[in-house]
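Taking my numbering, the leading residue of the sequence shown gets 95, the next gets one more, and so forth.
Think of the CB as a built atom: it goes at the ideal place given N, C-alpha and C, for glycine as much as any other residue.
All values derive from a computational prediction rather than experimental measurement.
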Amino acid sequence: MLRSALVAASRSPRCRALVERLPLARPVVDRFVAGEHEADALHTARALAADRFVTLDRLGEDTTDRAQAEITVDAYRSLLAAVAREGLAERVEVSVKLSALGAALPLDGEKIALDNARRICVAAAEAGTTVTVDMEDHTTVDATLSVVRDLRVDFPATGAVLQAYLRRTEGDCADLAGPGSRIRLCKGAYDEPASVAFRRRAEVDASYVRCLKVLMSGQGYPMVATHDPRLIPIARELATRAGRTSRDYEFQMLFGVRVDAQRRMAAAGQRMRVYVPYGGEWYPYFMRRLGERPANLAFFARALVGR
Ligand code: FDA
95 MLRSALVAAS RSPRCRALVE RLPLARPVVD RFVAGEHEAD ALHTARALAA DRFVTLDRLG
155 EDTTDRAQAE ITVDAYRSLL AAVAREGLAE RVEVSVKLSA LGAALPLDGE KIALDNARRI
215 CVAAAEAGTT VTVDMEDHTT VDATLSVVRD LRVDFPATGA VLQAYLRRTE GDCADLAGPG
275 SRIRLCKGAY DEPASVAFRR RAEVDASYVR CLKVLMSGQG YPMVATHDPR LIPIARELAT
335 RAGRTSRDYE FQMLFGVRVD AQRRMAAAGQ RMRVYVPYGG EWYPYFMRRL GERPANLAFF
395 ARALVGR
């Protein structure tokens with residue numbers, strides 16, 4: 095219930111105006127977001143790259159303005175040039191949301207988003223790194239996977255994201271587990287109806303394990319995006335059973351979440367990539383993070399009353 099309310103609030107302009115105006119929100123936001131500017135993202139990526147891998151996400155989603163989508167493409171191109179200049183390309187890639195690139199525009203949205211994503215893939219290839227296309231709510235899954243398939247014709251290392259809470263995902267894992275296919279498996283962060291998604295935690299976790307089995311026994315490169323302490327050893331075990339070494343798959347976690355576990359797993363020789371968001375449009379991302387753990391909301395509430 096709490097999670098549904100916060101996901102709904104993440105789409106409410108009134109809540110957004112309220113939360114963005116709260117000066118005391120900033121320290122809590124800083125736990126999950128690297129900062130507003132490219133320099134902040136690079137600073138964080140440089141520090142993390144000492145022992146972990148990174149995927150940088152420029153915050154912004156549900157763009158309904160073509161000029162804004164253009165600004166997003168330029169920001170990614172500038173970021174990728176900087177990643178190359180700083181010699182970070184081996185450890186740092188980028189994540190993009192198609193709705194930030196124009197997918198939600200009323201006319202030709204999917205084509206505009208594909209063209210824009212392609213321009214980011216060109217910049218990533220020039221920099222010597224890769225792009226992963228984030229997954230948004232269930233109404234966008236077919237269009238997103240179609241864009242990923244198109245991008246992979248010229249940029250085969252483009253990553254896709256699948257959400258274990260969707261009933262269709264086990265099938266999508268089987269379709270996408272081909273040679274070299276980079277697939278990030280997460281539980282899913284949106285509030286989806288029972289007609290398309292598992293709603294109970296135990297069902298989502300069971301689906302996650304079924305999807306992991308498909309990905310680990312397939313020929314692709316699984317990216318295990320979870321902080322769940324029960325799923326992590328299961329992923330390791332399935333990888334070992336499938337004959338994978340620690341270089342044949344990776345774990346991924348969010349910036350600011352289970353940081354000790356990130357460090358510990360990296361020190362133990364596991365590939366660990368951190369998803370690092372940055373930019374001024376932090377509100378929807380931040381609200382989804384608050385909804386994932388009641389303690390986050392309590393922390394936020396305490397910060398607001400100054401304790
Ligand atoms: P779960 O929510 O069950 O959490 C397990 C434990 O992890 C919790 O008990 C807690 O200890 C810790 N934890 C989890 N979230 C926390 C938080 N916000 N704050 C503090 N502790 C927390 N989703 C999506 O729909 N599309 C996408 O493209 C992506 N991309 C993505 C990339 C990466 C690298 C990650 C790690 C996650 C995503 N997600 C996502 C988000 C994902 O779907 C999911 O909402 C969160 O990762 C939380 O799910 P867990 O698997 O961690 O399990």
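| Check | Outcome |
| --- | --- |
| VAL290 in three-state terms, based on DSSP | coil |
| Straight-line gap, ARG401 to ARG278 (C-alpha atoms, nearest Å) | Any answer about ARG401 is weak, because its pLDDT of 49 lies below 50 and its placement is not dependable; what the coordinates show is given next. Roughly 38 Å separates the two Cα atoms. |
| Assigned exposure category for GLN313 - 16 Cβ within 10 Å defines buried | exposed |
| contact_flag[the segment 256-266, the segment 281-291] where n(CB pairs < 8 Å) is 3 or more | yes |
| Whether PHE345 touches MET359 by CB criterion (8 Å) | yes |
| Segment contact, 8 Å Cβ cut-off, at least three pairs: the segment 125-140 with the segment 174-189 | yes |
| Neighbourhood of ARG125 by C-beta distance below 6 Å, restricted to the same chain and skipping five residues each side | GLY350 |
| Secondary structure of GLU204, DSSP reduced to three states | helix |
| Per DSSP, cross-strand counterpart(s) of ASP151 | SER189 and PRO371 |
| Element boundaries [alpha helix (DSSP H), containing VAL255] | First-last for VAL255: 253-257, but that is the beta strand (DSSP E), not the alpha helix (DSSP H). |
| Contact test: ALA211 Cβ vs the ligand FDA heavy atom, cutoff 7 Å | no |
| LEU100 in three-state terms, based on DSSP | helix |
| Cα-Cα separation between LYS191 and THR224, rounded to whole angstroms | 14 Å |
| Expected contact under 8 Å - CB spacing of VAL227 and ALA211 to nearest Å | 7 Å |
| Length of the line joining the Cα atoms of VAL247 and ARG304 | 28 Å |
| Local conformation of ARG146 per DSSP, three classes | coil |
| Sequence-distant residues of the same chain with beta carbon closer than 8 Å to ALA163, five excluded per side | THR157, ALA194, LEU195, GLY196, LEU199, ILE206, ALA207 and ASN210 |
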